[in-house]
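Peer 1: Numbering (my numbering), first residue to last: 22 to 171.
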């Protein structure tokens, strides 16, 4: 059966804060095959950091559980799905509002989804209370023409 994309990767890791940078760097390395510019790779890394951090802080509270990343590339677009089997988001619309946080005592800014929406081309949030959350993000990588070609 032919895959509908050019390349893919899957990653699973414990919901420990030390793994946030691991996830960010792994996705950056995978995205590198699209030859993104510095701004694009920075946007991708920041978005992954925000979503993984949200899973670590909000999905599982204090227990170490599994966070999964499934990423694939089709043409010049990278799609990144980050999922957990944590407690889920009760009100997705409210959670996506700037400055909203359910963990104010941890001095969270409540800007995670807002940052991701600004840095990525698409953001989809799916969540079922008690079963977990899946975030799907897409970034189109620009293909700049080499001006030195004749």
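No residue lacks a Cβ here, since even glycine has one placed at the ideal position from N, Cα and C.
Source: prediction; values computed, not measured.
Have a look at 139, 148, 164 and flag the residue whose alpha-carbon is nearest the alpha-carbon of residue 107.
Peer 2: 148
Peer 1: Smallest Cα separation from residue 69: which of 28, 92, 110?
Peer 2: Of the listed residues, the one whose Cα sits closest to residue 69 is 92.
Peer 1: Just checking, does the region 80-92 make contact with the region 30-45 on the three C-beta pairs under 8 angstroms criterion?
Peer 2: yes
Peer 1: Can you tell me which of the three DSSP states residue 106 falls into?
Peer 2: The answer is coil: DSSP assigns residue 106 none of H, G, I, E or B.
Peer 1: Please classify residue 152: does DSSP put it in a helix, a strand, or coil?
Peer 2: Per DSSP, reduced to three states, the secondary structure at residue 152 is coil, with no helix or strand assignment.
Peer 1: Who are the near neighbours of residue 28 in its chain, counting only those whose CB is closer than 6 angstroms to its CB and skipping five residues on each side?
Peer 2: 94
Peer 1: Do residue 57 and residue 162 have their beta-carbon atoms positioned less than 8 angstroms apart in this structure?
Peer 2: Less than 8 angstroms separates the beta-carbon of residue 162 from that of residue 57.
Peer 1: List the endpoints of the continuous alpha helix (DSSP H) containing residue 114.
Peer 2: 113-116
Peer 1: Give the range of the alpha helix (DSSP H) segment to which residue 40 is assigned.
Peer 2: 40-52
Peer 1: Can you pull the DSSP bridge partners for residue 30?
Peer 2: 92
Peer 1: Residue 61 and residue 160: beta carbons closer than 8 angstroms?
Peer 2: yes
Peer 1: For residue 46 and residue 146, what's the separation of their Cα atoms in angstroms?
Peer 2: 23 angstroms
Peer 1: Below 6 angstroms CB to CB, which residues in the same chain sit around residue 49 once its five sequence neighbours on both sides are set aside?
Peer 2: 62, 66
Peer 1: Using CA atoms only, rank isn't needed, just tell me which of 38, 86, 39, 53 is closest to residue 97.
Peer 2: 53
Peer 1: Quick one: what does DSSP say residue 162 is sitting in, helix, strand or coil?
Peer 2: coil
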